[in-house]
Structures are given as C-alpha cells and as structure tokens.
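Comments concern the structure below.
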Amino acid sequence: MAHGHTPHEIHHVNYMAIFWWLLGLTILEIFAGVARAGPAYPHVLKGFLLVIMALGKAALVALYFMHLRFERRTLGFIALIPLMLSVFIVLMVLPDF
Amino acid sequence: MTQQAAAHAIEPAETPLTPESWGKLGMWVFLAGDAMSFGMLLAGYAVMRSTSKNWPVPADVLGITLTAIMTFLLICSSVTMVKGLDAIKRGDRNGLVKFLLLTMLGGIIFLGMQAYEWTHLIHEGLGLTQNKWGASLFGTTFFLITGFHGMHVTGGVIYLGAIAWRGSRGIYSANNWNEVEIVGLYWHFVDLVWILVFTFVYLL
Chain P
1423 MAHGHTPHEI HHVNYMAIFW WLLGLTILEI FAGVARAGPA YPHVLKGFLL VIMALGKAAL
1483 VALYFMHLRF ERRTLGFIAL IPLMLSVFIV LMVLPDF
Chain Z
85 MTQQAAAHAI EPAETPLTPE SWGKLGMWVF LAGDAMSFGM LLAGYAVMRS TSKNWPVPAD
145 VLGITLTAIM TFLLICSSVT MVKGLDAIKR GDRNGLVKFL LLTMLGGIIF LGMQAYEWTH
205 LIHEGLGLTQ NKWGASLFGT TFFLITGFHG MHVTGGVIYL GAIAWRGSRG IYSANNWNEV
265 EIVGLYWHFV DLVWILVFTF VYLL
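As they're listed, the protein sequences go chains P and Z.
According to the working numbering, the first sequence is numbered sequentially starting from 1423.
According to the working numbering, the second sequence is numbered sequentially starting from 85.
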C-alpha cells in the first residue's frame, strides 16, 4: 500500500516533554476541581480554570500527538469545527430554559 | 498494456489536505463526526445540569482518585502509541508491536477500572434512571457519556489488536506505516475526549 506517497517531512517532537506537561496540567486540574467553590474561590473562577486547563491539554494532544501542528491548516479547521459547534449549541439552547 | 503500466496509468490523485494518504483524511473526517457526537452529549449535559435544581456535586458522588489514575493511564497509552509510530518510522518492527501491546494494555486496564467504578456506583444507588444524591439525570448523563466513551475505548483496543497483529506479521516498515498513523489518530482522539469528559463530568 505504498501508492501515491509524498515524501514525509521528519518533525522531531519531544513526546516525553508533552507527557510531563499533560501530567502537570492533570494534577493542577485535580486540585482546582476538588477544591470547594466558595467566597474565596468563586464558581466562575473554578469553571474558567478547569476549562482553560482542559482545552490546553486537548490542544497538546491534538497538536503534537495527532501531529496537527505539522499538517495543513485546513485540517486543523476540520478538527476545530465540532468544538465550535458544541459551544454554539449550548449558547443557543440555554436561553430556552 | 501490462498490469504495471495499467496501475500507473490510473494512479489515484492525492488528497489536498493529506497528500500521503486518503485513509488519513478519512480518519480525520470520521473523528470530526465522532467529535460532534461527543460534543452534543456534553452540550446536552451542560444544558441539563445548568437548569437542574438538585444536581449533586460530582466530587461528592464520583471517585476522583480512581478517575485521576484512569486519566493518567490514557495519557501514558497515548505516549506509548506515539512511541510505536516513532519506532516503525525507524524501521523497528519489534518496537512497534511492543508499544502497540502496551497501548492496548493501557486501554484494557482503563476499561477494567471503569467497570469497577460503575459496579461500585450502581451498588451505591446510582443508575440510568435513579440517583439517591439528587437529580436522576445525573445518573443518566454519567452512564451515557462514560459508556459511550468506554465503547470507543473497547473498539480502539480491538482496532489496535488488529494493527499489532499485522505489525507482528511484518506488514509495516520504515516506508509503510500509514495504517499505524491512522490508528494512532483514533487512539489520541479517545484520550482527548476523556480529557474533556474528566473535566466536565467529574471535576466541574
């Protein structure tokens, strides 16, 4: 199955560095998530921190493990559209309640 | 015309986005559709939770420690997957099979831990239509979302097994690793979805 092969550029990625970033962000997420929301730690702040960290981890996996960083930009749009549509649908449906 | 000449005459066109492989583009399009499925499950969850009067705090009901280990496991399995691809790009067939088997092991242990978690929660009183801690939709959404993801992990383990089998038969090489890259895309997607599920269902 070697038909139509365009020579592949070699991109060296430090996968272990990405792993440590993912591990670190996971640990921070757990602390942020388990901590009780209250006057000193508002719900909005908790939500914001968790979402930012989750999106950061997702981006690391998508960009480096799934190689999107080195692919054509349009492929990245194909990947990004479901995320945008999911957020869009939540914003469109919530006002009905 | 000879067979070879005929094959060259109908050389398939390259895809504009992934010139090296149609299969890779096909997987990306499939993953975009699958991302929509998970996106809609999570969006529905977000709406139901935000409009519910007695939604329990997930950390009070669900085992965060166990799930944190499960998350760590899937991250490790993504690393072994990418190391497997790296190995076959260098022509290391044994390395490929070793790392694919390790990736499968990560997935199987994840499923085992999820089965343990589900059993424990069902015994405690959380079900598809019941929840002793509050809104029944908490149980419904929890089992549907984690179950749908678990199905993907199961399918992924089987898929990895098929590629590992083909790898053990020497089908892949430094010049032919397209199928390994494609299974890697699926597995990383499964990990990525879990990152989001862990955040929105367990931590938030």
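A virtual CB, placed ideally from N, CA and C, is assigned to each residue, including glycine.
Spatially closest choice to Z:Tyr270 from Z:Ser105, Z:Ala119, Z:Glu98, by CA coordinates: Z:Ala119
Buried or exposed, going by whether 16 or more other CB atoms sit within 10 Å of the CB of Z:His236? buried
Step through the CB atoms of chain P and report whether any lies within less than 8 Å of the CB of Z:Val131. yes
Secondary structure of P:Met1423, DSSP reduced to three states: Any reading at P:Met1423 needs caution, since the residue's pLDDT is 40, under 50, leaving its predicted position unreliable; the model's value is listed next. Reduced to three states, the DSSP call for P:Met1423 is coil.
Between which two residues does the alpha helix (DSSP H) harbouring P:Ala1457 extend? That residue, P:Ala1457, is in no alpha helix (DSSP H); it is neither H nor E in DSSP.
Over the uninterrupted alpha helix (DSSP H) stretch that includes Z:Thr149, give me the two end residues. 148–173
Beta carbon of Z:Gly251, beta carbon of Z:Arg177: below 8 Å? yes
Smallest Cα separation from Z:Asn215: which of Z:Pro142, Z:Ile279, Z:Ile192? Closest by alpha carbon: Z:Pro142.
Against chain Z, does P:Phe1492 count as a neighbour if the rule is that its beta carbon must be under 8 Å from one of theirs? no
Compare the C-beta of P:Ile1511 with all C-beta atoms of chain Z and state if any pair is closer than 8 Å. yes
What's the C-alpha gap between Z:Tyr243 and Z:Gly110? 16 Å
Where Z:Met124 meets chain P, residues with beta-carbon distance less than 8 Å: Chain order gives the chain P residues near Z:Met124 as Ser1508, Ile1511, where near means a beta carbon separation below 8 Å.
Answer yes or no: does any C-beta atom of chain P fall closer than 8 Å to that of Z:Thr102? yes
For P:Phe1441, the three-state DSSP class (helix, strand or coil): helix
Range of the contiguous alpha helix (DSSP H) that encloses Z:Val143: In the sequence on display, residue 143 of chain Z carries Ala and not Val. 142–145 is the extent of the alpha helix (DSSP H) around Z:Ala143.
Here's a check: name, in chain order, each residue in its chain whose Cβ is nearer than 7 Å to the Cβ of P:Val1512, leaving out the five neighbours to either side. Cβ neighbours of P:Val1512 beyond the five flanking positions: none.
Inter-stretch contact at 8 Å, needing at least 3 Cβ pairs: the stretch 247–266 of chain Z / the stretch 126–138 of chain Z: no
With a threshold of 8 Å between beta-carbons, can Z:Asp275 be considered close to chain P, or not? yes
Return helix, strand or coil for Z:Asn259, following the three-state DSSP convention. Z:Asn259: coil per DSSP, three-state reduction.
Closer than 8 Å, CB to CB, is Z:Met120 near chain P or not? yes
Taking 8 Å as the cut-off, does the stretch 177–187 of chain Z touch the stretch 209–227 of chain Z (at least 3 CB pairs, one atom from each stretch)? Result no; under three Cβ-Cβ pairs closer than 8 Å.
Count the other C-beta atoms from every protein chain shown that fall within 10 angstroms of the C-beta of P:Ile1449, then say buried if there are 16 or more, exposed otherwise. exposed
Tell me whether the stretch 112–126 of chain Z and the stretch 267–285 of chain Z touch, counting them as touching only if at least three CB pairs, one residue from each stretch, are closer than 8 Å. yes
Would you kindly report the start and end of the unbroken alpha helix (DSSP H) that includes Z:Gln198? 177–208
Inter-residue Cα distance where the pair is Z:Leu287 and P:Ala1454: 8 Å
Could you check the C-alpha separation between Z:Gly268 and Z:Leu169 for me, to the nearest Å? 8 Å
Would you verify that the beta carbon of Z:His233 is, or is not, closer than 8 Å to some beta carbon of chain P? no
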